[in-house]
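This report concerns only the one structure given below.
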Amino acid sequence: MEPKIQSKSWNHEIEKEILSRWEQDDIYRFAITDKPAFVIDTPPPYPSGRPWHIGAAAHYAQIDMIARTARMTGRNVLFPIGIDRNGLPVEIYTEKKYKVRMRQMDRQKFLDLCRGALDDLEAEMLQIMKNMGLSGNFKEYYRTDSDEYRALTQSTFIELWNRGLVYLANRPNNYCPDCGTTIADAEIIYNDLPTKLVYMKFKVSGSDDQIIIASTRPELLCSCQAVIVNPEDERYLDYQDRKVILPLFNREVPVKFHHSAKMEFGSGAVMVCSYGDQNDVQVFRELGLKEIVALNENGFTTEAAGPYAGLRVNQARTKVIEDLKAAGFVEKEENIMHRTPLCERSKTPIEIIPLHDYYVKQLDFIPQLHEMSKNLKFHPEMHRQILLNWLDSIAIDWPVSRRRFYGTEIPIWYCNSCKSPLLPNPGRYYRPWKEDPPFSNCQKCGGTEFTGEDRTFDTWMDSSISPLFVTKFCRNEELHSYTYPTAVRPQAKDIIRTWLHYTMLRCVQLTGKLPWSEAWIMGYGVDEKGEKMSKSKGNVIDPFPVIQQYGADTFRFWSASEANLGYDFRCSEQRIAGAQKFMSKLWNVGRFLSSFDVVSDRPSELEASDRWILAELAKLVEECRRGYDEYNFFVPANAVRDFAWNLFAAHYVEMVKGRAYNQASPGHASALYTLHKCFKTILLLLAPIAPFITEELWTKMYSDKTIHHQDLPHFNQLDVDGEMTRFTTPITEFNSLVWNKKKETVSKETGKPLSLKDPIDIPVPDQLAPFRKDLEEMHNLQK
RNA sequence: GGAUGGGUAGUCUAGCCUGGUUAGGAUACCUGUCUCACACACAGGUGGUCGAGAGUUCGAAUCUCUCCCCAUCCA
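For the first sequence, the positions run 4 to 786 when my numbering is used.
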């Protein structure tokens, strides 16, 4: 009766051995077969260095559970692993690390520094992903800055260009003076920042009246082209189309009615400048005003600012306020908190200035995206609304050009004589800023001199074709048609309006098809107070040391048992430790059962207790299946833990110990069969969640083949009498009753409460007659 | 201001869609126990006006309405 398993607790150091075994046997390889393909459009993580985010690690653990669930339900799974390496974060990281300025050094040297930095960060990232037990395709992991990836980004852009879906426009756009580039609406965040609200006196032309105008942007006075008031504001009814005179600049501008003027803000009259905010842009457009460019691309005031030209925004503001005061144009100043648009990356206030940028058409596609999104299944359904709200709020096409370096180059050359933009043929990776064009004559004018475009794409241009890249679009027709559209896009809910939306847009434009059939949206990992983790709050928990201390399976099981589908989940180390206890319990149940022979064939007659637990087991399997069907691992994780610990180990195992130990007992085989049947099922049900410990127990106890090529159990495969579950409550209550009695009874010999093995005289109720023998032996019930 | 989700014992959470026994569980706390797998365990216990109010109903944590509070996203 020696257990096959010796060690008394689950040692997660074993995970490393198991990992290398899996790697050697290459158990997750993917090839085209006649089974249905199941492709996961894995989010490629950005290697931004430590600390990583525990919520992100949990996210990847769960994506792996999706992959394992699909594999164990008969699908041919392609689980790509990629690393996102384009964009601002690495540029900022590199500038800091090497104390350099991107625009003040050789472009190629800067790119080389970035690449080196990414390589180091990436290695660490891949290692942790592997250690977490991700069953992805690490052998062929991809990078979004590889020639192959960038060539696809460029090819798809050229395709859109040729179809007229790209245009160049000069229009007011969000501009980050610090990053020196255009940014999309989706990249803006808003913070309340302290600022001065200045109440300025505007003289009404041809009268002694004056209008008070409150503004947080007095430095933009020079670009003011109108003053607007609300048409319902009785204070200004008489002023429509009259002129007011700009203080300091002595220029006349008209007073107009516009519904966007808020009566309760300041004096109710608003000056409209080009451009203080998005509302100014709208008013300029609607009223047909002529814009005056007050700020240039470096964030300095222009000639239009007259005496205030050539200053930074803040300097200009200070000086304008001083002069306004000196000339008696200021009624008062207030210190207020103002909701200020900031660049998501650099946290610099953005400016709105007219810029030449390339736009990808998206407005025309919104009705189609609306319609097609109806065929996209959301897990959970409630997060569909985030996408719909975003689609409804999109007001402009997508500006895709960026004045940055570490990104995919926009593949355009300009003819020096006729200035026409010329695009190369799709297929390879182009770097116009350093390469000669692949043509020698301008198609328009025959010119022979060209200038390469030096801008790059918005990184979402790269990210938004991930489902095309991983299915080898344009590169392997056979594989692409087998794998596209893909099965599922797993992602976090905060990038629905960027990644999810842009991917739908681009894939629909390029293939006419929705790129996936399901979107699986995970909530945030939040801190112990329920607040979102962020580096600025300083409440980020790094997953590295946690995984190192507790092991991958504990971390994974914690993540599954804590995060209900789509809901935010709390990250607390105490609860991770709680998950570890279950790993230990599972291990010990296995250790105990490993001392009994495995009976795989079902005996013709099963004892009542055995039929009872099998009925409960069937219920468990059904519930777990329900969870797995919608990739909600919260359900199986908690259901299996509850069953294994509180029913199977606590009650059933104790009830059948007698029969299990006694080989002469008539119910011996029935007990051994049922014990192992239950435990095998528990292991299979947990395999997608905790792949290491289940593999170890499975291969030690039941098979020399991996558990991860098994199928998830089906409840109708278990031949059970569902009626038996009616005994569950009476059985657990009777057991409690006996335990209570023993505790209350003081032993005459020891003076302590009775030990659980001491005899006691309690009759088994008639209702539980079928279980009488097992219960009597379990509790040592004697007359 | 708008949208989404949530408010259940000290803390966390299930149940709510499909109203019905003493509102499950975890953790913490208290008490006891080494009982032939497990003290990372076992047994027992304290602790709840299910955010507030109203309505529907024989009956509401669950359905309806109003309000308050929290989180996240968007103006």
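Think of the CB as a built atom: it goes at the ideal place given N, C-alpha and C, for glycine as much as any other residue.
For the candidate residues the options, whose alpha-carbon lies nearest to that of residue i?
i      : options                           : result
Glu18  : Ala319, Tyr553, Thr321 and Ala312 : Tyr553
Ala647 : Met704, Phe381, Arg348 and Met586 : Met586
Glu94  : Arg407, Tyr239, Tyr202 and Glu747 : Arg407
Leu508 : Phe460, Ala611 and Gln371         : Gln371
Lys437 : Gly449, Glu456 and His782         : Glu456
Ala795 : Ala297, Glu325, Thr321 and Ile186 : Any property of residue 795 remains undetermined from this structure, which presents the chain solely from 4 to 786.
Ala64  : Asp632, Thr501, Trp13 and Glu565  : Glu565
Leu358 : Thr702, Thr185 and Asp148         : Thr185
Pro788 : Ser758, Arg729 and Lys776         : Outside the displayed range of the chain (4 to 786) lies residue 788, so it cannot be described from this structure.
Lys683 : Leu700, Pro441 and Gln281         : Leu700
Lys38  : Ser404, His62 and Gly77           : Gly77
Trp393 : Cys346, Ile499 and Phe460         : Ile499
Trp164 : Cys225, Pro424, Ser349 and Leu224 : Pro424
Cys627 : Leu715, Met525, Leu678 and His782 : Leu715
Asp600 : His679, Ser562 and Thr728         : His679
Lys584 : Phe558, Leu609, Cys574 and Glu608 : Phe558
Glu779 : Thr753, Glu5 and Lys660           : Lys660
Asn317 : Cys418, Thr198, Leu623 and Ile369 : Thr198
Thr159 : Trp561, Met525, Gly430 and Leu196 : Gly430
Tyr193 : Gln494, Leu345 and Glu625         : Leu345
Ile66  : Ala154, Thr45 and Pro768          : Thr45
Taking 6 Å as the cut-off, does the CB of residue i come closer than this to any heavy atom belonging to the ligand FMN?
i      : result
Arg478 : This structure lacks the ligand FMN, and indeed carries no ligand of any kind.
Where residue i and residue j are concerned, what is the direct C-alpha to C-alpha distance, given to the nearest angstrom?
i      : j      : result
Asn166 : Pro414 : Here residue 166 is Arg; the residue named in the question, Asn, does not match the sequence. Going from the Cα of Arg166 to the Cα of Pro414 covers about 16 Å.
Lys265 : Asp545 : 45 Å
Asp356 : Tyr409 : Note on residue identity: the sequence assigns Ile, not Asp, to residue 356. If I take the Cα positions, the gap works out to 23 Å.
Glu237 : Leu568 : 53 Å
Tyr485 : Asn479 : 10 Å
Ala663 : Asn635 : 36 Å
Tyr487 : Gln512 : 15 Å
Val201 : Leu91  : 35 Å
Cys179 : Gly302 : 8 Å
Pro48  : Ser376 : 25 Å
Val473 : Ala667 : 60 Å
Arg32  : Glu412 : 34 Å
Leu620 : Ser739 : 21 Å
Arg315 : Leu391 : 40 Å
Ala59  : Pro691 : 18 Å
Ser208 : Lys259 : 14 Å
Lys99  : Asn89  : 17 Å
His711 : Ser138 : 10 Å
Leu503 : Thr462 : 14 Å
Asn542 : Asp571 : 15 Å
Met274 : Arg387 : 39 Å
Thr735 : His654 : 7 Å
Met105 : Ile324 : 34 Å
Gly515 : Ile69  : 27 Å
Pro250 : Glu334 : 12 Å
Thr36  : Asn79  : 8 Å
Ala308 : Phe268 : 26 Å
Would you mind giving the Cβ-Cβ distance between residue i and residue j, rounded to the nearest angstrom? I have them listed as a contact below 8 Å.
i      : j      : result
Ser603 : Ile8   : Their Cβ separation, rounded to whole angstroms, is 19 Å, which puts Ser603 and Ile8 out of contact at 8 Å.
Val638 : Arg629 : 6 Å
Val232 : Ala187 : At roughly 32 Å, the Cβ-Cβ gap does not stay under 8 Å, so Val232 and Ala187 are not in contact.
Ile389 : Leu366 : Rounded, the Cβ-Cβ distance is 20 Å, inconsistent with contact.
Leu290 : Ala229 : 6 Å
Thr305 : Glu222 : That pair is no contact at about 12 Å.
Tyr433 : Val403 : Between Val403 and Tyr433 the Cβ distance is about 16 Å, and since that is not below 8 Å, they are no contact.
**Asked** Is there contact here, the stretch 81-93 with the stretch 121-140, by at least three beta-carbon pairs under 8 Å?
**Response** Yes: at least three Cβ pairs fall under 8 Å.
**Item:** Given 8 Å, three or more beta-carbon pairs between the stretch 236-246 and the stretch 175-183
**Value:** Not touching, per the Cβ criterion.
**Message:** Using a Cβ distance threshold of 8 Å, determine whether the stretch 109-129 contacts the stretch 523-531, with at least three qualifying pairs required.
**Reply:** As far as the Cβ criterion goes, the stretch 109-129 does not touch the stretch 523-531, which means the pair count is below three.
**Message:** Give the list of continuous alpha helix (DSSP H) stretches no shorter than 4 residues that lie fully inside the stretch 477-551.
**Reply:** Those alpha helix (DSSP H) runs which fall completely within the stretch 477-551 and span 4+ residues are 480-486 and 504-514.
**In chain order, each alpha helix (DSSP H) run of at least 4 residues that lies wholly inside the stretch 305-352** = Runs of the alpha helix (DSSP H) lying entirely within the stretch 305-352, each at least 4 residues long, are 316-329 in chain order.
**Message:** Across the stretch 677-693 and the stretch 768-779, are there enough close Cβ pairs to call them in contact, namely three or more that are closer than 8 Å?
**Reply:** Too few Cβ pairs lie closer than 8 Å, so no.
**Entirely enclosed beta strand (DSSP E) segments - the stretch 198-243, minimum 3 residues** = As far as the stretch 198-243 is concerned, its whole beta strand (DSSP E) runs of at least 3 residues are 213-218 and 227-232.
**Asked** In chain order, which continuous runs of the alpha helix (DSSP H) of length 4 or greater are located wholly inside the stretch 704-777?
**Response** Scanning the stretch 704-777 from its first residue to its last, the whole alpha helix (DSSP H) runs of 4-plus residues come out as 731-747.
**Asked** Quick one: any contact between the stretch 145-153 and the stretch 461-475, if contact means 3 or more CB pairs under 8 Å?
**Response** The answer is yes - the stretch 461-475 touches the stretch 145-153, with three or more Cβ pairs under 8 Å.
**Asked** In the stretch 419-451, which residue ranges form an unbroken alpha helix (DSSP H) of at least 4 residues, counting only runs that do not cross its ends?
**Response** If only uninterrupted alpha helix (DSSP H) runs of at least 4 residues are considered, none is enclosed by the stretch 419-451.
**Every unbroken alpha helix (DSSP H) within the stretch 382-416, with a cutoff of 4 residues, ordered by chain** = DSSP assignment within the stretch 382-416 yields the following whole alpha helix (DSSP H) runs of 4 residues or more, N-terminal first: 387-396.
**Prompt:** Counting pairs of beta carbons, one from the stretch 746-754 and one from the stretch 723-731, are three or more of them closer than 8 Å?
**Reply:** No, the stretch 746-754 is not in contact with the stretch 723-731.
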